[in-house]
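The numbering of the sequence shown is our numbering, which starts it at 430 and goes up by one.
Just so you know, even glycine gets a beta-carbon here, dropped at the ideal spot from N, CA and C.
On a predicted model such as this, the values are computed, not experimentally measured, just so you know.
Here is the structure we will look at.
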Amino acid sequence: MLLYLTILFLVEFVRGAALISFLPIYGDKALGLDLDVIGAAITAHYITDTGLKLAIGYLLDRLSIRTVVSIGLLFSLIGIAALQFADIPWVFITAAAIYGIGISPIWIVCLTRVKEDQRATQMGFLYTVWLVGLGSGPVVTNLLLDFNLEITYWVMTGVALAAWVMSLFIKGSRSVHIDIVPFREQLAILGSRLKDMKLLLPGMVLQTLGAGMLLPILPSFAVNSLGMSATHYSILLIIGGGCTVVGLIPMGKLSDTFGKKWFLIVGFLAFGIILIALTQKPPLALALFWAFVLGVSYAAVLPAWNALLATFVPPGQQGLGWGVFSTVEGIGGIVGPLIGGFIATRYHEASVVGLAGIMFMIISLFYVFFPFRLFKGGEELPPVNGMK
430 MLLYLTILFL
440 VEFVRGAALI
450 SFLPIYGDKA
460 LGLDLDVIGA
470 AITAHYITDT
480 GLKLAIGYLL
490 DRLSIRTVVS
500 IGLLFSLIGI
510 AALQFADIPW
520 VFITAAAIYG
530 IGISPIWIVC
540 LTRVKEDQRA
550 TQMGFLYTVW
560 LVGLGSGPVV
570 TNLLLDFNLE
580 ITYWVMTGVA
590 LAAWVMSLFI
600 KGSRSVHIDI
610 VPFREQLAIL
620 GSRLKDMKLL
630 LPGMVLQTLG
640 AGMLLPILPS
650 FAVNSLGMSA
660 THYSILLIIG
670 GGCTVVGLIP
680 MGKLSDTFGK
690 KWFLIVGFLA
700 FGIILIALTQ
710 KPPLALALFW
720 AFVLGVSYAA
730 VLPAWNALLA
740 TFVPPGQQGL
750 GWGVFSTVEG
760 IGGIVGPLIG
770 GFIATRYHEA
780 SVVGLAGIMF
790 MIISLFYVFF
800 PFRLFKGGEE
810 LPPVNGMK
């Protein structure tokens, strides 16, 4: 598991560096690309990432972890390496798309390793590793971008190379012990789960849609609307990400103890309020305080949401199950950057932030009326087709 978590950290380091800092800043400052082109590149990344999740989940149920993870990470390495030639929009977008191929396998493998008891607590630990990687990537990249663009590129490429090399040391076993069930029957089981969780589907899509809208515009919003330098932006990310990392495991334990409903309601409501507050151009000290509150809110939401989602994954088809659900969540990630980049180009970055804030408040209201009572003990679904 330590090897998996190390690879996950390296993969998310590069992903955070690329999506949150390098692609938006490099595309804007170095290549002079419009925000809608940058949004299209991030969308291309999520299209390949999301589109392959179902197939990767299916392969993980049948092939060795090493084969699936190493081939995926090789594609990601190629995508990152191609960015040095991305001096025209279609190359920029294509490189981002190729990079998205290798993200899913290691994440799904880690999800299948989480045990059933105290799942929210363990999800909190997993997300701690994920967020440390995802958060440290853009922080390091922002500092390096101020110093030297070429060095930034080679650091990203080197970390991607290290992740691929480490994947070659994974044991050649399958992800989990599974019963051999025909693919059509597996899809029927998952279809039953999706039908039972249809009330969750709007929230799944809207959550990633709101977050996706923010990705292409965050650096320019911090500079143009909040008056931040790259160093200030790095501090903001450190505060928000650090509070999330510190809070994940305690919040996961509290979610296991008290249930998930109010963690989701309060967490998403705080997201919405703070994003709208940021559009009012607060002073630096207040903006950093809002980053602190956002980090705590994110720590409350993540373990609760993923533990809730995990109750729908059929035992014996965990790779396929997480692949399907991640694909559904990824729809918002595909559409969001396009919408965010388009609105920011036509209007202003603050318009995107305000709209995302309204969406998160709507999601909070959605969970107020969500019928958690349908879950056994307020948390679990009844068996589907005789399966727990």
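Which value, in whole angstroms, describes the spacing of the CA atoms of Y662 and N571? Taking the sequence shown and counting its residues from 1, one reaches residue 662 at position 233. Taking the sequence shown and counting its residues from 1, one reaches residue 571 at position 142. If you draw a straight line from the Cα of Y662 to the Cα of N571, it comes to about 8 Å.
How would you label F514, buried or exposed, when you count the other beta carbons within 10 angstroms and need 16 or more for buried? Walking along the sequence shown from the start, residue 514 turns up at place 85. So F514 counts as exposed.
Cα-Cα separation, W559 to G461: By 1-based counting over the sequence shown, the position of residue 559 is 130. By 1-based counting over the sequence shown, the position of residue 461 is 32. Each residue's alpha carbon lies about 31 Å from the other.
Ignore the nearest five residues each way along the sequence and tell me which others in A716's own chain have a CB closer than 6 Å to its CB. By 1-based counting over the sequence shown, the position of residue 716 is 287. Its chain contains L655 as the residues whose beta carbon lies nearer than 6 Å to that of A716, once the 5 sequence neighbours on both sides are disregarded; these appear in chain order.
What is the DSSP secondary structure of D516, counted as helix, strand or coil? Numbered from its first residue, the sequence shown carries residue 516 at position 87. Judged by DSSP in its simplified three-state form, D516 adopts coil rather than helix or strand.
By a C-beta neighbour count over all protein chains shown, 10 Å radius and 16 as the cutoff for buried, is I580 buried or exposed? Your numbering for residue 580 matches position 151 in the sequence shown. Classification of I580: exposed, given that the 10 Å Cβ count is below 16.
I think F771 touches G468, with their Cβ atoms under 8 Å apart; what is that distance to the nearest whole Å? In the sequence shown, the residue the question calls residue 771 occupies position 342. In the sequence shown, the residue the question calls residue 468 occupies position 39. Confirmed, about 7 Å.
Does the Cβ of K690 have 16 or more other Cβ atoms within 10 Å, making it buried, or fewer, making it exposed? As a first step, residue 690 must be located in the sequence shown, where it is residue number 261. Residue environment analysis places K690 among the buried positions, since at least 16 neighbouring C-beta atoms fall within 10 angstroms of its C-beta.
So what does DSSP say about T708, is it helix, strand or coil? Looking up residue 708 in the sequence shown gives position 279. Assigned with DSSP and collapsed to three states, T708 falls in coil, not helix or strand.
If you follow the alpha helix (DSSP H) that R444 is part of, which residue opens it and which one closes it? On the sequence shown, position 15 is the one that residue 444 refers to. Boundaries of the alpha helix (DSSP H) harbouring R444: L431 to G445, taken from the DSSP string.
Under 7 Å between C-beta atoms of I522 and D478: For the purposes of this step, residue 522 is identified with residue 93 of the sequence shown, where counting begins at 1. For the purposes of this step, residue 478 is identified with residue 49 of the sequence shown, where counting begins at 1. No, Cβ-Cβ distance for I522 and D478 is not below 7 Å.
Please decide whether E778 counts as near chain D, where near means a Cβ-Cβ distance under 7 Å. Of the chains in the structure shown, none is chain D; there is only one protein chain.
Report all residues from its chain with a CB closer than 7 Å to the CB of F598; omit the five preceding and five following residues, and keep chain order. Residue numbering aside, residue 598 sits at position 169 when the sequence shown is read from its first letter. L432.
Pick out the complete alpha helix (DSSP H) segments inside the segment 461-513, 4 residues or longer, and give them in chain order. Complete alpha helix (DSSP H) runs here, min 4: 464-480, 482-489 and 494-511.
Where do the ends of the alpha helix (DSSP H) carrying M642 lie? Reading the sequence shown from its first residue, position 213 is the one you call residue 642. From DSSP, the alpha helix (DSSP H) with M642 extends over L630 to L643.
Boundaries of the alpha helix (DSSP H) in which Y662 is found, first to last residue: Here residue 662 corresponds to residue number 233 of the sequence shown, with the count starting at 1. Y662 -> alpha helix (DSSP H) spans A659 to F687.
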